[in-house]
Structure formats: C-alpha cells, structure tokens
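In my numbering, the protein residues as written are 3 to 421.
Cβ coordinates follow ideal geometry from the N, Cα and C atoms, glycine included.
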C-alpha cells in the first residue's frame, strides 16, 4: 500500500462537468459534520468548489448535530428529509432499504488505488479516497522516559506498562468515555487485533451464523477490556469525559497513553510542538504480531431518492476528487490518501513526524484487517450494531459479566439480520 497518486486537474471534471444540466426546483442538500479539523470554513469552501463543476447546481449544507451521523440521517429520512448527498455515513445502514446510489465501477477504477476498498455486495456507495488506522496507541514520550518504559509490543507488556504507570501516580490511558464511539476505541482495537487478526473472515462468518460474539475468541478479547478497567487503566471519572476534553487531557500530559484514530496526527488535533513529544505504536497482541486495523474511507454518498440524481452524483464525484479537500484532510485530519497518480509529497502538505511515524505503520508490511465497527465494506457490522458494540466500553465499567453482555449483543445482531 505504499501509494499514492492523484489525478490531473483536467480529470477532476470527469463525470462532473460533463454531466447534463438539470433544472433545480430547490437546492440539493448535503449533510455534513463539523470537527476541529473539518470546520465550517472547510465545508463551505469544498462545497463551493464542487458546485462549480456541476452546471446549474445549488447546494444547501445541513450539519449533523452530533458525531452520530447515521442516527441523524435516519432521523431526517423518517421525517421525509433524507439529504441528497451525505458525508461519512455507514452505507450498510441504508442500502437494504435501497436509499443510496452506487458509483460506477469505471470511475472507481480510474481514480482510486483500492477501487473495491468500500465494496458491499459488489457495489461501492462511498468513494475510497483515503484511509485511517483505527485505532493506534499514542504515548507521551516524556512520561514513558521518566518511568523507564518502552512502547509495549505484547499484551503482557502493555499490562506491565499500565500497572507501572498506575503505581507511579499516572493515569495510564486516556478515554473519552462520555461518547460511545470514542469510548469504544479500546474495544475496536481488541476486536481488530485479537479476533480479526486471527480470523479475518470472522465478521462474514457472523453474518452466516457460524460464529458468535459469545464464543471464546471474541469473549477473551472483551475480557481484556474489562481487565483494563479493573487494573486502573483509566481515570475513575472517564465516563464523564468527552472527546475534546480527552484529547486535551492527553496532550497536556494528564495521561500517558491514548487509543485513538490516526486523525489525531493531523494539525486540527495536535500542534507541531505537542506532536514532538508523542509517539505511536500498534495495539499490542498476545504474541507481538503487528495488526493494523484499517478503514478505507471516503466522504460522499448519494441518495437514491435525490430530486436530481445526476447532479448529486456529479457533485459527489467532484467533491471526492478535489485535491484541496484531500490536502486539508491529510494535514488537519491525518488522512492517508488512496488516489492514483500523485505521491504524498506531491500534495505539498506539511505533516508532523508523528504523522510520518503513523503513516509508516500503515504502509509497512504487517497484518492489515478491517477496523472493527468502522469500515464501509462487506466487513461492516449489521445495521445498528456499531453503536451497541461501542457502548460495551461504557457498560464494562459497571457490569463485568462479559458472557451475559455478549449474549445480548448476539441477540441484537440476530434481530438486526432477521436470523
């Protein structure tokens, strides 16, 4: 995956400016979301540039009020306001109801390193423009040095690091426990490394009813999450800490480690000064095997019920191929580009040594698996199960009955899949 090429400016208009103009009775709606890196200025500029590629197009921005974009999209759909274009949703939650349009394969083959990276049942509903590792483990170099610690490679070494730090009066791991998606990062790491690292087909087997969450392989991984709570890995008040506060806590040196996505390497989350004191390592496995949980991502999905589907597809393509969007995502959101004809250096971006270290882990020869609960391909979980899985991280603080909770998750899965 040592990659990365993009396309010429002329190619940006392919499938976009060539699209026929259609009369618009009302603007197309584009559901977006805002983060410290992807703020209103980013979205407004990106929408304006993509709109220029499509004759006669006007786009109205809708902002998701929370990080749970799928939930907001479902809310809009239930009220008859499903957007024409949607940013960074999980398509699997919507394709069974035939709410999304697929992108044409020839366009995908022409423009992307992994054109099938987001394939679901042979179709792609979100362009595979970039990738993230979800999660990596970040660590404070000064704190590790003070306590004579090295980045752990095995689970036993990680346990020793946690216990050493706790004994030294340091909070070993930061956790944004107030938000399920962020609280779930250790669980995503454990399921990716310990389950998919040993059986990459586990999720497909779960759909086929051949395995269960309550089986020993998955249960053992989740027991580790309970054990981390028990050994004092997190601050006792972690469940009241939101994502923004957790980031600040870690970067201010209030905790020694932080399991978080590779977006944390972007300048929207970390300054160059802070990044110089942060290192990164993969989540440790029992035997030290390096497992990298990958999510080939993208942004734009298109509604099958759009009032102007040709224009919506054209806008989505233009937005996805805009190098300014990708440059912003690389610099501010720590994205790893997955496009043809342009190397990382060709983007002219400024990235930190921390980004380069994380990028090296992502592109090195190692076991690559789907980031559990994050991908937009055939390894995506059943509709609605992502949030239930993330929430286990919160419930493990008070309910240590792993078998019971996983049995309930199995029941929820079966209900979601109609088994």
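{"query": "Can you list, in chain order, the residues of its chain whose CB lies under 7 Å from that of residue 180, leaving out five sequence neighbours each side?", "result": "241, 242, 243 and 244"}
{"query": "Counting Cβ pairs, one atom from each stretch, are 3 or more of them under 8 Å apart for the stretch 282-296 and the stretch 77-92?", "result": "no"}
{"query": "In its own chain, which residues sit with a C-beta less than 6 Å from the C-beta of residue 23, not counting the 5 before and 5 after it?", "result": "Note that residue 23 has pLDDT 41, beneath the 50 cutoff, so the model's placement of it is unreliable and the number below is only indicative. For residue 23, where only same-chain residues beyond five positions count, the Cβ hits under 6 Å are 57 and 58."}
{"query": "Using a 10 Å radius around the Cβ and a threshold of 16 neighbouring Cβ atoms, would you call residue 208 buried or exposed?", "result": "buried"}
{"query": "Got a sec? Which residues, its chain only, sit under 7 Å from residue 20 by beta carbon, not counting five neighbours each side?", "result": "For residue 20, the predicted structure reports a pLDDT of 40, less than 50, and the residue's modelled location is therefore unreliable. A value from the coordinates is still provided. Same-chain partners within the cutoff: there are none."}
{"query": "Can you have a look at residue 142 and say buried or exposed, based on whether 16 or more other CB atoms are within 10 angstroms of its CB?", "result": "buried"}
{"query": "Counting only the same chain and skipping the five closest in sequence on each side, list residues whose C-beta sits under 7 Å from that of residue 65.", "result": "34, 35 and 36"}
{"query": "In whole angstroms, give me the CA-to-CA distance for residue 123 and residue 203.", "result": "15 Å"}
{"query": "Distance check for residue 360 and residue 249, CA to CA, integer angstroms please.", "result": "17 Å"}
{"query": "Pick out the complete beta strand (DSSP E) segments inside the stretch 86-140, 3 residues or longer, and give them in chain order.", "result": "87-89 and 132-135"}
{"query": "For the alpha helix (DSSP H) that residue 317 lies in, which residues bound it at each end?", "result": "311-323"}
{"query": "Taking residue 297 as part of the alpha helix (DSSP H), name the residues at either end of that continuous run.", "result": "No alpha helix (DSSP H) holds residue 297; the beta strand (DSSP E) holding it covers 293-299."}
{"query": "Less than 7 Å between C-beta atoms, sequence neighbours within five positions excluded: which residues of the same chain meet that for residue 104?", "result": "125, 126 and 127"}
{"query": "Could you tell me which uninterrupted alpha helix (DSSP H) segments, each at least 4 residues in length, are contained entirely in the stretch 246-299, listed from first to last along the chain?", "result": "274-277"}
{"query": "What did DSSP end up calling residue 343 once you bin it into helix, strand or coil?", "result": "coil"}
{"query": "Any idea what DSSP makes of residue 304, helix, strand or coil?", "result": "strand"}
{"query": "I'd like the list of long-range same chain contacts for residue 261, defined as Cβ closer than 6 Å, with 5 residues on each side in sequence excluded.", "result": "137, 139, 187, 188 and 191"}
{"query": "From residue 25 to residue 387, what distance separates their C-alpha atoms?", "result": "Caution applies to residue 25, whose pLDDT of 46 falls short of 50 and renders its modelled position unreliable; the value that the coordinates give is listed next. The straight-line gap from Cα to Cα measures roughly 40 Å."}
{"query": "Pull the bridge partners of residue 338 from the DSSP assignment, please.", "result": "133"}
{"query": "Could you please give me the residues that DSSP links to residue 198 through a beta bridge?", "result": "None, per the DSSP bridge assignment."}
{"query": "Can you tell me whether DSSP reads residue 172 as helix, strand or coil?", "result": "coil"}
{"query": "On the DSSP bridge list, what partners appear for residue 32?", "result": "63 and 87"}
{"query": "When the distance is taken between beta carbons, is residue 335 closer than 8 Å to residue 234?", "result": "no"}
{"query": "Alpha carbon to alpha carbon, how far is residue 311 from residue 301?", "result": "17 Å"}
{"query": "DSSP three-state call for residue 354: helix, strand or coil?", "result": "coil"}
{"query": "In whole angstroms, give me the CA-to-CA distance for residue 230 and residue 277.", "result": "26 Å"}
{"query": "Using 8 Å as the threshold, is the C-beta distance between residue 238 and residue 393 below it?", "result": "no"}
{"query": "Which of the three DSSP states is assigned to residue 226 in this structure?", "result": "helix"}
{"query": "For the alpha helix (DSSP H) that residue 214 lies in, which residues bound it at each end?", "result": "Segment: none, residue 214 is in no alpha helix (DSSP H) and carries neither H nor E."}
{"query": "Looking at the unbroken alpha helix (DSSP H) that takes in residue 43, where does it start and where does it end?", "result": "42-54"}
{"query": "Tell me where the beta strand (DSSP E) around residue 369 begins and ends.", "result": "369-372"}
{"query": "From residue 155 to residue 221, what does the alpha carbon distance come to, in whole angstroms?", "result": "22 Å"}
{"query": "Given 8 Å as the limit, is there contact between the stretch 319-330 and the stretch 66-73, that is, 3 or more CB pairs closer than that?", "result": "no"}
{"query": "I'd like the list of long-range same chain contacts for residue 307, defined as Cβ closer than 8 Å, with 5 residues on each side in sequence excluded.", "result": "84 and 101"}
{"query": "Looking at residue 364 and residue 415, is the spacing between their C-beta atoms short of 8 Å?", "result": "no"}
{"query": "If you draw a straight line from the C-alpha of residue 211 to the C-alpha of residue 349, how long is it?", "result": "45 Å"}
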